[in-house]
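Residue numbers for the sequence shown follow this note's numbering, beginning at 276 and rising by one.
By construction, the Cβ of each residue, glycine as well, lies at the ideal position given by its N, Cα and C atoms.
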Amino acid sequence: MTHLYPTPKGDTTIRLATPEDAALLLELRLEALTVHPEAFAADVDQTAADGVEAWVKLITDYAMSHSGTISIACSDTELIGMAGIIRGHWPKTRHFGTLWGVYVRPTWRGYHIAEAILDEMIKWASEYEIKVVYLGVTVSEQSAIHCYSRCGFTEYGIEPKVIFYNGNYVDQVLMVKFL
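Quick look at the structure:
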């Protein structure tokens, strides 16, 4: 699944990640965790310590088990956006997936790249018979909430104090899309 997505800055490629993308994915993830630490549960120091090998393993494990995938957006050789999805682990929960790690570099925002990445995630989910996709987004991230709404997600609740960062608790808006 690879397709070109046109933007005013030039065409971008939207595709599923491969193990060869691991180093660039780690770099992008560390940027996301540094720029928006309150928006992600993952820790920048632990993610850095886990290194490239953890991303190679994650991508490989996802591909072998069909338990998830990572979609990326590239402009030439620059990785500019990403999102992951993981499906329920147990037989009774394999019908749902959870989006994680959605991030687009600030200089590429406003071109609907996140929507193109999410579209790729939804196509993957449909292919693997996932019927429901969930996500959580920091309540203060109104542009992200609007993006998810444009992609067909609806709010179903608030999860209070899901993240603790810099002495503050952060709530998340819980959203769902039925496929």
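One or two residues paired with residue i in a DSSP bridge
i, result
"SER342", "According to DSSP, SER342 bridges with nothing at all."
"MET450", "LEU410, GLU430"
"TYR444", "PHE439"
"LEU279", "THR288"
"VAL379", "GLY356"
DSSP three-state assignment for residue i, whether helix, strand or coil
i, result
"ARG384", "coil"
"ARG369", "coil"
"ILE438", "strand"
"ALA292", "coil"
"MET396", "helix"
"ILE360", "strand"
"GLY326", "helix"
"TYR423", "helix"
"GLU353", "strand"
"ALA348", "strand"
"TYR403", "coil"
Proximity to residue i [Cα-Cα], best of the options
i, options, result
"THR282", "VAL437, ILE355, TRP375", "ILE355"
"VAL437", "THR293, ALA317, HIS421", "ALA317"
"LEU300", "ALA329, HIS311, LYS284, ASP286", "ALA329"
"THR344", "GLU416, GLY376, THR382", "GLY376"
"THR352", "ILE289, SER418, ALA323", "ILE289"
"VAL327", "GLU295, PHE315, ARG380", "GLU295"
"PRO434", "GLY442, TYR409, SER418", "Checking the sequence, you will find Glu at residue 434 rather than Pro. For GLU434, the nearest C-alpha among the options comes from TYR409."
"LYS367", "ASP336, TYR386, VAL407", "VAL407"
"LEU303", "GLY427, ALA338, TRP383", "TRP383"
"ILE360", "ALA323, TYR403, TYR386", "TYR403"
"LEU374", "THR293, ASP336, SER342, ALA324", "SER342"
"LEU454", "VAL379, TYR280, HIS364, MET396", "MET396"
"ALA292", "TYR386, VAL331, GLY285", "VAL331"
"VAL448", "GLY432, GLY442, PHE439, TYR440", "GLY432"
"ALA298", "CYS426, TYR386, TYR337, ALA323", "ALA323"
"TYR378", "GLU416, HIS370, ARG369", "GLU416"
"LYS284", "HIS421, LYS452, HIS387", "HIS387"
"VAL414", "HIS311, VAL319, SER401, ALA338", "HIS311"
"TYR440", "LYS398, SER424, VAL319", "VAL319"
"VAL451", "LEU333, ASN443, ARG425", "ARG425"
Neighbour flag for residue i against chain D, beta carbons, 8 Å
i, result
"THR288", "No chain D is part of this structure, which consists of one protein chain only."
Supposed contact pair residue j and residue i - C-beta distance, whole angstroms, cut 8 Å
i, j, result
"GLU313", "VAL445", "5 Å"
"GLY372", "ILE405", "5 Å"
Do three or more CB pairs link the segment 380-392 to the segment 339-353 at distances below 8 Å? yes
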